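Worksheet: the structure to be examined is printed underneath.
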Amino acid sequence: MEAGIVSYGAYVPRYRITPSEIGRVWGSDGATVGQGLNVERKSVPAPDEDTITISTEALRTALVRGAIDPQQIGAMYVGSESHPYAVKPTATVVAQAVGATPNLTAADFEFACKAGTAAIQTCLGLVGSGMIRYGVAIGTDTSQGAPGDALEYSASAGGAAFVIGRDRVICRVHATRSYTTDTPDFWRREGQRYPSHGGRFTGEPAYFRHVTECARGMMEAVGASPSDYRHVVFHQPNGKFPQRVGKQLGFTEAQMRYGLVTPRIGNTYSAAALLGLANVLDHAGAGERILMVGYGSGAGSDAFDLETTDALVDFDRNHGRAVQWYLDHGVEIPYAVYAKFRGKIHLAEG
Amino acid sequence: MSIARFWRETPRRYNLGGSKCATCGTVSFPPRVVCPTCTHHRQSIGKMAPFQLSGEGEVESFTVVHEAAEGFEMQVPYVLALVRTPEGPVLTGQIVDVEPGEVAIGLPVRATFRKLREEGKAGVIHYGYKFSPRTEDDPAPPRGRTAPVPREAPAPERAKA
Chain A
1 MEAGIVSYGA YVPRYRITPS EIGRVWGSDG ATVGQGLNVE RKSVPAPDED
51 TITISTEALR TALVRGAIDP QQIGAMYVGS ESHPYAVKPT ATVVAQAVGA
101 TPNLTAADFE FACKAGTAAI QTCLGLVGSG MIRYGVAIGT DTSQGAPGDA
151 LEYSASAGGA AFVIGRDRVI CRVHATRSYT TDTPDFWRRE GQRYPSHGGR
201 FTGEPAYFRH VTECARGMME AVGASPSDYR HVVFHQPNGK FPQRVGKQLG
251 FTEAQMRYGL VTPRIGNTYS AAALLGLANV LDHAGAGERI LMVGYGSGAG
301 SDAFDLETTD ALVDFDRNHG RAVQWYLDHG VEIPYAVYAK FRGKIHLAEG
Chain B
1001 MSIARFWRET PRRYNLGGSK CATCGTVSFP PRVVCPTCTH HRQSIGKMAP
1051 FQLSGEGEVE SFTVVHEAAE GFEMQVPYVL ALVRTPEGPV LTGQIVDVEP
1101 GEVAIGLPVR ATFRKLREEG KAGVIHYGYK FSPRTEDDPA PPRGRTAPVP
1151 REAPAPERAK A
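Chains as they are written, first to last, in the working numbering: chain A, 1 to 350; chain B, 1001 to 1161.
Okay, structure coming up:
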């Protein structure tokens, strides 16, 4: 497969809230909940940020880093479960905001937390077939858990943009493979404000089954074993699931070191695995093999067998904030401010 | 604001699309049809080319808003500033991702893409530029001129007979 990653960019909003602060409001031992989830804090978008603004910031960074002419972008897909409009594509605003319009195809993707990886696969097909020069795949979310629900301790905001092309590829895509079933572990019905989930059902039959089956299928297809990879990135709805699934599959903590970012910023949903990959690319040298396995409820997994190239060494990674910058920075806010920012307070109609 | 009006202004609000006089080099934002600085204004007619600002700048003056404009109630107190760009124009914009007490005249800032307002719960959402501080340890990239020529190129006025 000729097509690969030619540039990438990340963005995480400035504000953070800790599980202990959330637990304080609901009468729970939030610190213990956070430890159980392996989430130290989660990101919170400002009142003027949403999936469109976060996607735009991530993509602008990617375009500057890769010195990519936005007019050469032939397709743009934004994966999210928190698109600001139910009808009017996020991708249209993002494309206009980066100067990619009007000669491109664009659409929004939704597959719970794996819409971003599905967008990468679509772009690989379009670029690989020669239909377009560059394809943009973005995974962004500003998801919410219902107040007091377990999800509230982890649901956060962030985005990552990947530009797929054939020139100056910094990370090759050797192969990609998916695993999809009808598994109702997590959903949000039309018009509902908050998602619902199947509690413990979200574990074994959903996340663990799909991620392990997809990862094993991928490694079998390319004849690889866990020790062949320098880095591994899993979807990370919390900090605990990816650690456990990595261990089940035979990966070490060293292989997961850079790919696990959720403990510092929370579960960014469609961006979760992609921010992990961006962090790996921020730190990787040339010729390092990466396994990435995304997961989306509903349910499905997308696996990618990746390898960095010599072009990554010369790639302008220092141009723009690295993922580590977002992990290290952030301003903590109390629950009341968080509730105001997230629109959880009902105001007078006026 | 009407949908049509905002839509017409998206090149400047999304991509800082201004204009540049081919005769004297003066950059204008918002874009102009006639150069305000050329001695003979008519010389510039038809020579005003689209020009995109870099998004860099520094605070020339500012105020902290406590009585919010409609739609900004969730953000008080917030900072509204005049931002001097290296290209010349001074832009009015909100400074975000900062505590009001941290803003000072001369603060380096950079354009960021944010939600400006929404027409109620069911209406259209307006997006555009705001500014955020640019600190030394923050490698946020210059926006560069990543966008193509804005579609809002001012149409040359017809010379009156």
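For glycine and all other residues, C-beta sits at the position ideal for the given N, C-alpha and C. It should be emphasised that the depicted structure is a prediction, and the values quoted were computed from it without experimental measurement.
Indicate the three-state DSSP secondary structure (helix, strand or coil) for residue i in the structure shown.
i: A:V163; result: strand
i: B:E1157; result: Any reading at B:E1157 needs caution, since the residue's pLDDT is 45, under 50, leaving its predicted position unreliable; the model's value is listed next. Correct three-state label for B:E1157: coil.
i: B:I1045; result: coil
i: A:I265; result: helix
i: A:V337; result: helix
i: B:I1095; result: strand
i: B:P1150; result: For B:P1150, the predicted model reports a pLDDT of 42, less than 50, meaning its position is unreliable and no value from the coordinates is stated.
i: A:Y85; result: coil
i: B:I1003; result: helix
i: A:I120; result: helix
i: B:R1032; result: coil
i: A:R257; result: coil
i: A:G36; result: helix
i: A:F315; result: coil
i: A:E332; result: strand
Look at the alpha carbon of residue i and the alpha carbon of residue j, and state the distance between them as a whole number of angstroms.
i: A:P19; j: A:A31; result: 6 Å
i: A:T308; j: B:E1087; result: 39 Å
i: A:R166; j: A:G99; result: 21 Å
i: A:F208; j: A:T51; result: 28 Å
i: B:A1081; j: B:T1092; result: 6 Å
i: B:F1029; j: A:M292; result: 45 Å
i: A:A67; j: A:Y8; result: 11 Å
i: A:I170; j: A:I138; result: 17 Å
i: A:R172; j: A:D310; result: 11 Å
i: A:Q72; j: B:G1071; result: 37 Å
i: A:F201; j: A:D185; result: 6 Å
i: B:T1146; j: A:D314; result: Residue placement at B:T1146 is flagged as unreliable, the pLDDT there being 43, under the threshold of 50; the coordinate-derived value follows with that caveat. Those two C-alpha atoms are separated by around 20 Å.
i: A:V39; j: B:T1026; result: 52 Å
i: A:A206; j: B:G1018; result: 51 Å
i: A:I265; j: A:S43; result: 5 Å
i: A:K88; j: A:E110; result: 14 Å
i: A:I345; j: A:S82; result: 19 Å
i: A:S270; j: A:A336; result: 26 Å
i: A:A118; j: A:E21; result: 35 Å
i: A:G199; j: B:V1090; result: 54 Å
i: B:Q1052; j: B:H1041; result: 22 Å
i: B:Q1094; j: B:G1055; result: 13 Å
i: A:Y134; j: A:G116; result: 16 Å
Kindly identify the DSSP beta-bridge partner or partners of residue i.
i: A:I132; result: Its beta-bridge partners do not exist; DSSP assigns none.
i: A:M292; result: A:V233, A:F304
i: B:F1051; result: B:G1018
i: A:I73; result: A:Y134
i: B:G1080; result: Here residue 1080 of chain B turns out to be Leu, not Gly, going by the sequence shown. DSSP, once it has assigned bridges, lists B:T1063, B:Q1094 as partnering B:L1080.
i: A:F241; result: In DSSP, A:F241 forms no bridge with anything.
i: A:G79; result: A:F109, A:G139
i: A:G9; result: A:A161
i: A:S43; result: A:R16
i: A:V127; result: DSSP output for A:V127 lists no bridge partner at all.
Return the chain-ordered list of same chain residues with a C-beta closer than 6 Å to the C-beta of residue i, the five sequence neighbours on each side being excluded.
i: A:R188; result: P195
i: A:G250; result: P226
i: A:E49; result: P13
i: B:A1068; result: V1076
For the beta strand (DSSP E) containing residue i, list its first residue and its last residue.
i: A:A107; result: 105–109
i: B:H1126; result: 1125–1133
i: B:F1113; result: 1108–1118
i: A:D29; result: Where A:D29 is concerned, there is no enclosing beta strand (DSSP E), given that its DSSP letter is neither H nor E.
i: A:F251; result: A:F251 -> no beta strand (DSSP E), and no H or E assigned at all.
i: A:T176; result: 171–183
Near residue i, which residues of its chain fall below 8 Å by C-beta distance, leaving aside the five closest residues on each side in sequence?
i: B:A1022; result: S1044, K1047, M1048, A1049
i: A:G217; result: R177, Y179, A303
i: B:R1151; result: Bear in mind that the predicted position of B:R1151 carries a pLDDT of just 42, short of 50, making it unreliable; the figure below should be weighed with that in mind. For B:R1151, where only same-chain residues beyond five positions count, the Cβ hits under 8 Å are P1011.
i: A:R65; result: S7, Y8, G9, F315, D316, R317, H319, G320
Under DSSP, the alpha helix (DSSP H) around residue i begins and ends at which residues?
i: A:A359; result: The structure shown does not extend to residue 359 of chain A, since chain A is modelled only from 1 through 350, so no value can be given for it.
i: A:G23; result: 19–26
i: A:E213; result: 209–222
i: A:V94; result: 90–97
i: A:I54; result: 51–65
Can you name, in chain order, every residue of its own chain whose Cβ lies under 7 Å from the Cβ of residue i, other than the five neighbours on each side?
i: B:E1157; result: Note that B:E1157 has pLDDT 45, beneath the 50 cutoff, so the model's placement of it is unreliable and the number below is only indicative. Answer for B:E1157: V1033, I1045, listed in chain order.
i: A:S55; result: V78, T90, V94, I138, T140, G159, A161
i: B:P1154; result: Confidence at B:P1154 is low in this model, with a pLDDT of 44, below 50, so its placement is unreliable and no value can be given for it.
i: A:W26; result: G148
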